[in-house]
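Participant:
Numbering (the UniProt record's numbering), first residue to last: 1 to 224.
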């Protein structure tokens with residue numbers, strides 16, 4: 001009999017004043033923009049960072065499944081119930097301003113969840129060197145993604161969405177912790193994969209247009 005996984009927690013964009021238990025609001029005021037340097041290519045840096053995260057995210061998910069003994073039942077256990085605070089569609093298809101706001105919100109929630117997964121993994125199986133290192137690297141990359149996305153929004157004059165971090169589960173079973181972890185990492189891999197694919201295509205298109213401009217500038221004038 002397969003146990004149906006429960007929902008981990010909800011990470012909401014705050015649109016009205018709410019009283020929430022067990023959640024941590026994130027400061028999204030204009031003071032968050034003070035460390036961002038005008039003129040920096042934060043959008044390009046964000047896209048390149050996401051593309052560099054694609055393969056490590058996929059490897060991390062597979063490594064987690066293997067180490068937690070979930071590889072055989074991954075399709076059923078890790079995708080049965082969605083993680084509420086992940087986007088329910090491919091945000092790469094959204095307008096750029098909405099995509100950036102959604103990415104910022106999700107990355108903040110993901111950063112906190114990766115920390116929890118690292119803590120749980122250490123308790124469940126001990127600090128397995130390879131997996132623990134992969135989780136630590138993913139958390140560092142997501143932290144960088146939060147910073148880059150935040151500065152991109154600030155420098156473009158876009159609003160930083162108010163974010164409420166996921167509530168920590170209360171005394172989940174060891175099995176439930178494994179399922180929660182694989183659900184988060186599966187969605188993480190998919191999110192980064194979808195964005196990396198879209199960014200790579202967009203950057204390649206931009207390079208092609210730039211090469212065409214250079215060819216047009218160097219083309220000799222037609223003789224009359």
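Beta carbons: idealized from backbone N, C-alpha and C, even for Gly.
1) Just checking: is the beta-carbon of residue 189 within a distance shorter than 8 Å of some beta-carbon in chain C?
2) Would you check if the distance between the CB atom of residue 50 and the CB atom of residue 158 is smaller than 8 Å?
3) Within 10 angstroms of its Cβ, does residue 129 collect 16 or more other Cβ (buried), or is it exposed?
4) How about residue 54 and residue 179: do their beta carbons lie closer than 8 Å?
5) Cα separation between residue 204 and residue 126?
6) Just tell me which of 124, 153, 87 and 105 has its CA closest to the CA of residue 38.
7) I'd like to know whether the C-beta atoms of residue 91 and residue 103 end up nearer to each other than 8 Å.
8) What whole-angstrom Cβ distance do residue 60 and residue 185 have, given they're in contact under 8 Å?
9) Can you find a heavy atom of the ligand COA that lies under 7 Å from the Cβ of residue 114?
10) Can you tell me the Cα-Cα spacing of residue 65 and residue 76, whole angstroms?
11) Taking DSSP as the reference, what is the three-state secondary structure of residue 46?
12) To the nearest angstrom, how far is the alpha carbon of residue 99 from that of residue 199?
13) What residue range does the alpha helix (DSSP H) around residue 146 cover?
14) With distance defined between alpha-carbon atoms, name the residue in 201, 80, 47 and 188 nearest to residue 57.
15) Going along the chain, which residues of its own chain have a beta-carbon closer than 6 Å to the beta-carbon of residue 112, five neighbours each way excluded?
16) Within 10 angstroms of the Cβ of residue 181, are there 16 or more other Cβ atoms? Answer buried if so, exposed if not.
17) Can you name the start and end residues of the alpha helix (DSSP H) that residue 102 belongs to?
Facilitator: The relevant details are as follows:
1) Absence of chain C from the displayed structure is noted, only one protein chain being present.
2) Position 50 of the chain shown, counting from 1, holds the residue named residue 50. Position 158 of the chain shown, counting from 1, holds the residue named residue 158. Going by C-beta atoms, residue 50 is not nearer than 8 Å to residue 158.
3) Within the chain shown, the letter at position 129 stands for residue 129. So residue 129 counts as exposed.
4) Here residue 54 corresponds to residue number 54 of the chain shown, with the count starting at 1. Here residue 179 corresponds to residue number 179 of the chain shown, with the count starting at 1. Cβ atoms of residue 54 and residue 179: not closer than 8 Å.
5) Here residue 204 refers to the residue found at position 204 when the chain shown is read from its first residue. Here residue 126 refers to the residue found at position 126 when the chain shown is read from its first residue. Answer to the nearest angstrom: the Cα atoms are 43 Å apart.
6) Your numbering for residue 38 matches position 38 in the chain shown. When each option's Cα is compared against that of residue 38, the closest is 153.
7) If you number the chain shown from 1, residue 91 lands on position 91. If you number the chain shown from 1, residue 103 lands on position 103. Cβ distance < 8 Å, so residue 91 and residue 103 count as in contact.
8) In the chain shown, the residue the question calls residue 60 occupies position 60. In the chain shown, the residue the question calls residue 185 occupies position 185. That belief holds up - the Cβ atoms of residue 60 and residue 185 are roughly 6 Å apart, short of 8 Å.
9) The ligand COA is not part of the structure shown, which contains no ligands of any sort.
10) Translated into the one-based positions of the chain shown, residue 65 becomes position 65. Translated into the one-based positions of the chain shown, residue 76 becomes position 76. Going by the C-alpha atoms only, they are around 12 Å apart.
11) Reading the chain shown from its first residue, position 46 is the one you call residue 46. The answer is helix: DSSP assigns residue 46 an H, G or I state.
12) Taking the chain shown and counting its residues from 1, one reaches residue 99 at position 99. Taking the chain shown and counting its residues from 1, one reaches residue 199 at position 199. Near 12 Å, if we compare the C-alpha coordinates of residue 199 and residue 99.
13) One-based indexing of the chain shown puts residue 146 at position 146. Its alpha helix (DSSP H) spans residues 129 to 155.
14) As a first step, residue 57 is located in the chain shown; it is residue number 57 there, counting from the start. Minimum Cα distance to residue 57 is reached at 188.
15) For the purposes of this step, residue 112 is taken as the residue at position 112 of the chain shown. 165.
16) Position 181 of the chain shown, counted from the first residue, corresponds to residue 181. Looking at its Cβ environment, which holds 16 or more other Cβ atoms inside 10 Å, residue 181 is buried.
17) Within the chain shown, residue 102 is the residue found at index 102, counting from 1. Per DSSP, residue 102 belongs to the alpha helix (DSSP H) from 96 to 125.
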